[in-house]
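Enquirer: Going down the list, the protein sequences come from chains A and B. For the first sequence, UniProt numbering gives the first residue as 1, with consecutive numbering after it. For the second sequence, UniProt numbering gives the first residue as 1, with consecutive numbering after it. Got a structure for you, written out below as structure tokens; questions coming shortly.
Number of protein chains: 2
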Amino acid sequence: MSTRRRSTADVPGLVEKARAGDARSVARLISLVEDASPLLREVMAGLGKAAAERTDGGAHIVGITGSPGVGKSTSTNALVGALRKQGKRVGVLAVDPSSPFSGGALLGDRIRMQDHALDPEVYIRSMASRGHLGGLSWAAPQALRVLDAAGCDVILVETVGVGQSEVEIASMADTTLVLLAPGMGDGIQAAKAGILEIGDVYVINKADRDGADQVRRELRSMLSLAERPEGAWKPEIVKTVAMTGEGVDDVIAALDAHLAHLRSSGQLEARRLRRAREEIEAIAVTSLRERWGDVHARTELDDLAEQVVAGRTDPYAAADELLAGIGD
Amino acid sequence: MSTRRRSTADVPGLVEKARAGDARSVARLISLVEDASPLLREVMAGLGKAAAERTDGGAHIVGITGSPGVGKSTSTNALVGALRKQGKRVGVLAVDPSSPFSGGALLGDRIRMQDHALDPEVYIRSMASRGHLGGLSWAAPQALRVLDAAGCDVILVETVGVGQSEVEIASMADTTLVLLAPGMGDGIQAAKAGILEIGDVYVINKADRDGADQVRRELRSMLSLAERPEGAWKPEIVKTVAMTGEGVDDVIAALDAHLAHLRSSGQLEARRLRRAREEIEAIAVTSLRERWGDVHARTELDDLAEQVVAGRTDPYAAADELLAGIGD
């Protein structure tokens, strides 16, 4: 969308190599996407074709969320290990919307994911791009497309931040995994954060500690209060000790069960349609704002603003005129 | 923009009466704006003409912001009193972006503004409309247009909430007044909140309390660190005891001095142009989102989302197509 830097790359070649599983090509494509490279459109067109040719329905996108201290990175690490034992190709997208740093893997992620850093069937990527051309809502879905085209069976999207971003992550995922841990007052926190509405699978980590059963009871009683339509998914609760790997296979089973439910109920298709809608809309609005906001050239918007200030037109009529000019 | 409720009103008549100072017509017009009435466009067109015919440059819009407890409502009340003594017509827009309630004056405002509630030359209005059709950024500027057309000399925009909204208010105002009070750790808070960048006039209220001079010193030293271009406005610091009215005339003088500076430097025109730009853009984007998001009819966006999910197109090409169809 922007042309701020010249870029040359053999996009069809990169897409072809990414599909074959070449990690460097995957990394390069995500960078092109993140940097809003002039080649972005070409990349996206290539990825669209790659996605269409996948016959297995595409990657299962799992959002992982939870308060700091519950063991998010350890759990992600354990899940990657378990999925790799099943022979799955795995993508990990660690998103920190509150961080100003963007691009490449952050040192912290390299360290904590070092068990899998050298595995050619695991793609690990950190994004921290809030504010950059519309932020997370803009760049992360594109990175997911790259990982999907690269043939990932499962993509774990881990949010590093807290708060609003969790809801945003959930809106991108097929399945949302909410992590809790005993002794953190998570029950009340979860209710406050609206986490109870977004979780498909709840994992009580550090289950070897006192209070794990208490968290489970509280969670169960809170979940039982939620009204669910007939045939809706009933969130599963799983206990783990991510550090030792205990219970991690149960988490994988719960994720698989949720995916199967999404497929059989038609919700998978519905969720993906909704996601595509949001993605197209975000791109369209970003593109318009860029066009209107061009500071180097005097735009139609400048002229209209002048007319509004002078009282020769009103903001609504000006907005109509602005929109009428888009198709030109 | 929406047609969710039928409305009949003699819009030209309302605008004419509002210009003559009829409080009920002013209230009715703001309601039409807030409710996104079908008559909205007619209202805006009428107001545009009214604004063009004002020969005095329009209302001076003053944003008032500050942490809870500094005496915002008492100060607003005192300012209204002082302005009325000068024979000015005054509008007060109290915005609480965090509140879900909207429309009409809230009980709290009625009580605290009761000194002026019966004065026909004072218009008091509460808005609490975050989230409603794009929220504050959408509705508040329209309410300002109504108060401007009603011939207000000064409009005080008071933010009830804290945080981000303050910056938003500042972007709508000609002059931003930041309220502080001793003993609240405001110095550090102000620096954190970025308030030092938005204030044109700083008022240290409760100046009869210990620590007022300390706040003044800290503020002065922080403000002295800011780099300002040659000829730029140097923020003024005024001490008040709003409860007794002490210092309030000095605040008015500082506001007048800032307005004079904005006029002579050409910044008033520039600020109003920028505001009109943002307003037109917000209306255009809201209007597009409404069109695309129409849940009652199948939209072009639904078709495009389907094609993206099926891999027949990519989100960028889909966004292009969506935008190409707007002018139709």
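Glycine is no exception: its CB is placed at the ideal position from the N, C-alpha and C atoms.
Determine the direct distance from the alpha carbon of Leu-322 (chain A) to that of Asp-320 (chain B), and round the result to whole angstroms.
Expert: When rounded, the distance between both Cα atoms is 17 angstroms.
Enquirer: Between B:Ala-305, B:Gln-307, B:Glu-281 and B:Gly-293, which has its C-alpha nearest Asp-303 (chain A)'s C-alpha?
Expert: Checking every option, the nearest Cα to that of Asp-303 (chain A) belongs to B:Glu-281.
Enquirer: Met-44 (chain B) versus chain A: which residues are under 9 angstroms apart at the beta carbon?
Expert: What Met-44 (chain B) touches in chain A: Asp-314, Pro-315, Tyr-316 and Ala-317.
Enquirer: Please state the DSSP three-state secondary structure of Ser-172 (chain A).
Expert: Looking at the sequence itself, residue 172 (chain A) is Met, so the reference to Ser does not match. Reduced to three states, the DSSP call for Met-172 (chain A) is helix.
Enquirer: Which residues of chain A have a Cβ atom closer than 7 angstroms to the Cβ of Arg-272 (chain B), listed in chain order?
Expert: Residues of chain A passing the Cβ test: Val-309.
Enquirer: Can you find a C-beta in chain B that's less than 7 angstroms from the C-beta of Arg-291 (chain A)?
Expert: Answer no: the Cβ-Cβ gap between Arg-291 (chain A) and chain B never drops below 7 angstroms.
Enquirer: Would you check if the distance between the CB atom of Ala-45 (chain A) and the CB atom of Asp-314 (chain B) is smaller than 7 angstroms?
Expert: In this structure, Asp-314 (chain B) lies closer than 7 angstroms to Ala-45 (chain A) by Cβ.
Enquirer: Are any of the Cβ atoms in chain B nearer than 7 angstroms to that of Arg-277 (chain A)?
Expert: So, interface residue.
Enquirer: How about Ala-305 (chain A): is its C-beta nearer than 7 angstroms to some C-beta of chain B?
Expert: Output row for Ala-305 (chain A): interface = yes.
Enquirer: Decide yes or no for the touch test of the region 242-252 of chain B against the region 268-288 of chain A: beta carbon pairs closer than 8 angstroms, at least 3 of them.
Expert: With a cut-off of 8 angstroms, the region 268-288 of chain A and the region 242-252 of chain B do not count as touching, because too few Cβ pairs lie within range.
Enquirer: Are the C-beta atoms of Ile-326 (chain A) and some chain B residue less than 7 angstroms apart?
Expert: Yes, contact with chain B.
Enquirer: How long is the line joining the alpha carbons of Ser-171 (chain B) and Ala-170 (chain A), rounded to whole angstroms?
Expert: Looking at the two C-alpha atoms, the distance is approximately 32 angstroms.
Enquirer: Mind checking if Arg-41 (chain B) is an interface residue toward chain A, Cβ cutoff 7 angstroms exclusive?
Expert: Chain A, which has a Cβ nearer than 7 angstroms to the Cβ of Arg-41 (chain B), makes this yes.
Enquirer: Please classify His-116 (chain B): does DSSP put it in a helix, a strand, or coil?
Expert: Coil, per DSSP.
Enquirer: Give a yes or no on contact between the region 19-37 of chain A and the region 141-153 of chain A, applying the rule of three or more CB pairs nearer than 8 angstroms.
Expert: Touching, per the Cβ criterion.
Enquirer: In chain A, what lies closer than 9 angstroms to Asp-302 (chain B) by C-beta?
Expert: The contacting residues are Leu-273 and Arg-277.
Enquirer: Which bits of chain B does Ala-52 (chain A) rub up against, with CB to CB less than 7 angstroms?
Expert: Ala-310, Gly-311 and Arg-312, listed in chain order.
Enquirer: So, for Val-70 (chain B): in the same chain, excluding its five sequence neighbours on each side, which residues have a beta-carbon less than 8 angstroms away from its beta-carbon?
Expert: Cβ neighbours of Val-70 (chain B) beyond the five flanking positions: Leu-179, Leu-180, Ala-181, Met-184, Asp-186, Asn-205 and Lys-206.
Enquirer: Going by other Cβ atoms of all chains shown within 10 Å of its Cβ, with 16 needed for buried, is Ile-111 (chain A) buried or exposed?
Expert: Confidence at Ile-111 (chain A) is low in this model, with a pLDDT of 47, below 50, so the placement of that residue is unreliable and no value is reported for it.
Enquirer: Counting only the same chain and skipping the five closest in sequence on each side, list residues whose C-beta sits under 7 angstroms from that of His-258 (chain A).
Expert: Here the set comprises Thr-175, Asp-200, Val-201 and Trp-233.
Enquirer: Rounded to whole angstroms, what is the Cα-Cα separation between Pro-43 (chain A) and Val-11 (chain A)?
Expert: Checking the sequence, you will find Val at residue 43 (chain A) rather than Pro. Cα-Cα distance, rounded: 6 angstroms.
Enquirer: Counting only C-beta atoms, is Val-248 (chain A) closer than 7 angstroms to chain B at any point?
Expert: Not an interface residue.
Enquirer: Answer yes or no: does any C-beta atom of chain A fall closer than 7 angstroms to that of Leu-322 (chain B)?
Expert: Closer than 7 angstroms: yes.
Enquirer: Flag Gly-199 (chain B) as yes if its beta-carbon sits less than 7 angstroms from any beta-carbon of chain A, otherwise no.
Expert: Closer than 7 angstroms: no.
Enquirer: Using the beta-carbon count (16 or more within 10 Å), is Arg-298 (chain A) buried or exposed?
Expert: With fewer than 16 Cβ atoms within 10 Å of its Cβ, Arg-298 (chain A) is classed as exposed.
Enquirer: Considering only their Cβ atoms, is the gap separating Leu-93 (chain A) from Val-157 (chain A) smaller than 7 angstroms?
Expert: Yes, they are a contact pair.
Enquirer: Between B:Leu-83, B:Ile-61, B:Arg-54 and B:Leu-39, which has its C-alpha nearest Ala-253 (chain B)'s C-alpha?
Expert: Per the Cα distances, B:Leu-83.
Enquirer: What's the gap between the Cα of Glu-227 (chain B) and the Cα of Leu-219 (chain B)?
Expert: Rounded to the nearest angstrom, the two C-alpha atoms are 15 angstroms apart.
Enquirer: Quick check: what's the CA-CA separation for Glu-290 (chain A) versus Asp-208 (chain B)?
Expert: Spanning the two alpha carbons is a distance of roughly 50 angstroms.
Enquirer: If you scan the region 211-268 of chain B from start to end, which runs of the alpha helix (DSSP H) of 4 or more residues do you find wholly inside it?
Expert: Qualifying alpha helix (DSSP H) stretches, in chain order: 212-225 and 248-265.
Enquirer: For the beta strand (DSSP E) that Tyr-326 (chain B) lies in, which residues bound it at each end?
Expert: At residue 326 (chain B) the sequence reads Ile, which differs from the Tyr that was named. Unbroken run through Ile-326 (chain B): none, as it is neither H nor E.
Enquirer: Would you check if the distance between the CB atom of Leu-255 (chain A) and the CB atom of Leu-262 (chain A) is smaller than 7 angstroms?
Expert: Not closer than 7 angstroms, so no.
Enquirer: Using a Cβ-Cβ distance cut-off of 7 angstroms, determine whether Val-285 (chain A) contacts chain B.
Expert: Val-285 (chain A) counts as touching chain B.
Enquirer: List in chain order: all unbroken alpha helix (DSSP H) runs of 4+ residues lying wholly within the region 292-318 of chain B.
Expert: Runs found: 300-309.
Enquirer: By the three-class DSSP mapping on this structure, what secondary structure does Ser-67 (chain B) have?
Expert: DSSP places Ser-67 (chain B) in coil when its eight states are reduced to three.
Enquirer: Where does Ala-94 (chain B) fall in DSSP's three states?
Expert: Strand at Ala-94 (chain B).
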